[in-house]
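Once you know that position 58 of the sequence shown is 58 in UniProt numbering, the rest is easy, because the numbers rise by one and skip nothing. Backbone N, C-alpha and C fix where the C-beta goes; we use that ideal spot for every residue, glycine too.
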Amino acid sequence: MIDRRDYTFIWVGIIAALVIAMFVSVFASSFPDGLEKVAENLGFIDKAEEIVPESIFLIPDYVFGAVDNELWQTSLEILLPLLLYL
């Protein structure tokens, strides 16, 4: 049976993981990911963008538009999906 100390350990671990993810995300590469790069190289990225509108994505093009500060945008881009996952 899980006691209170175990729950505390789990929550501290989750919070630590979120804080680390938000901090490390600031140093993420601004280059396109592998799939996007292949689409650019093979010339079908424009066709894909025409077929699938950005309005259906929760965070289109990895930009969290509700915040103006680029540093916070990057951190929130990581935090929101992690919270949804948990």
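Residue nearest to residue i in terms of C-alpha spacing, selected from the options
{"i": "W72", "options": "I45, V19, I10 and M1", "result": "V19"}
{"i": "E70", "options": "M1, F27 and L82", "result": "F27"}
{"i": "Y85", "options": "Y7, E54 and A17", "result": "A17"}
{"i": "L83", "options": "W11, P32, V38 and I2", "result": "W11"}
{"i": "L76", "options": "R5, S25 and T8", "result": "S25"}
Cα-Cα separation between residue i and residue j, rounded to whole angstroms
{"i": "I78", "j": "G13", "result": "17 Å"}
{"i": "V67", "j": "M22", "result": "15 Å"}
{"i": "D6", "j": "I15", "result": "14 Å"}
{"i": "I50", "j": "L35", "result": "The residue asked about is misnamed: residue 50 is Glu in this sequence, not Ile. Computed Cα separation, rounded: 17 Å."}
{"i": "G43", "j": "S29", "result": "22 Å"}
{"i": "I56", "j": "K47", "result": "16 Å"}
{"i": "R4", "j": "L80", "result": "27 Å"}
Neighbour-count burial assignment, residue i, 16 or more Cβ in a 10 Å radius
{"i": "T8", "result": "exposed"}
Worksheet entry | Uninterrupted alpha helix (DSSP H) stretches inside the UniProt domain "PDGLE" (8-75) (no shorter than 4 residues) | 34-42 and 45-51
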